[in-house]
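Peer 1: Please read through the structure below; I'll follow up with questions.
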Amino acid sequence: MTEDARLLANHRVHVVPVVLALANPPWQRDVWLDPSVFENLDHVFHTLFDDFCDADEPERHLGVSLRTEEEVALMRELGIALDAAAAEAPDGTDADHLLAPSWPKVVAAAGRLAQVMVANDLKELAALHNAPVRSL
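Written out as C-alpha cells, the structure is:
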C-alpha cells in the first residue's frame with residue numbers, strides 16, 4: 003500500500019462513519035442524545051470541519067479524505083446544510099440541531115454522500131482484492 007493510499011484510508015476511517023451517522027436519524031436520536039455515549043454532534047463537526055476534512059472547502063481534501071470530485075461536491079453540499087442547521091439551532095445543543103427546520107436537508111445530503119463514499123470504497127476494496135500478489 004502506498005503512503006498516499008494509507009493516508010486516505012486513515013482519514014476515511016473517521017469520515018465515512020460520521021457521514022453514515024448523519025444519514026441515520028434513529029442513530030442520531032439514540033446515540034447523540036445519550037450523554038453517556040462518546041459520539042455526539044460536536045464530534046461530527048470536528049471530524050468534518052477540523053480534523054479529517056473541511057466541509058466548507060472540501061477541494062483541499064481530494065486524495066486525502068475524499069476520493070473523487072463527486073465526493074468533493076457532495077461534501078460541500080453537506081457542509082452548507084450543516085452550517086444552515088447550526089444557524090437554526092438557538093442553543094447549539096444536539097437536540098436543537100436535530101429539530102432545526104433544515105435538518106432533513108442534512109440527512110438527505112449525508113445520505114447521498116454516504117452512498118457514493120461507500121460505493122467508492124467498495125470499488126477500491128475490490129481492486130485491492132483482485133490485484134496481483136507481490137512477493138517480498
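Everything in the sequence shown is counted per the working numbering, starting at 3 for the first residue and increasing by one.
We put the CB at the ideal spot given by N, CA and C, even for glycine.
#1: Determine which residues share a DSSP beta bridge with Leu64 and list them.
#2: Have a look at Asn26 and Met3 and give me their C-alpha separation to the nearest angstrom.
#3: On the premise that Glu71 lies in contact with Asn122, defined as a C-beta separation below 8 Å, what is that separation, rounded to the nearest angstrom?
#4: Any idea if Leu127 is buried or exposed, counting beta-carbon neighbours within 10 angstroms, 16 or more meaning buried?
#5: Can you check the segment 75 to 126 for any alpha helix (DSSP H) of at least 4 residues that lies completely inside it and give the ranges in chain order?
Peer 2: So, to answer that:
#1: DSSP output for Leu64 lists Leu68 as bridge partner(s).
#2: Rounded to whole angstroms, Asn26 to Met3 spans 32 Å at the Cα level.
#3: Between Glu71 and Asn122 the Cβ distance is about 11 Å, and since that is not below 8 Å, they are no contact.
#4: It is exposed - the Cβ of Leu127 has fewer than 16 other Cβ atoms within 10 Å.
#5: With a minimum length of 4 residues, the continuous alpha helix (DSSP H) runs that stay inside the segment 75 to 126 are 96 to 101.
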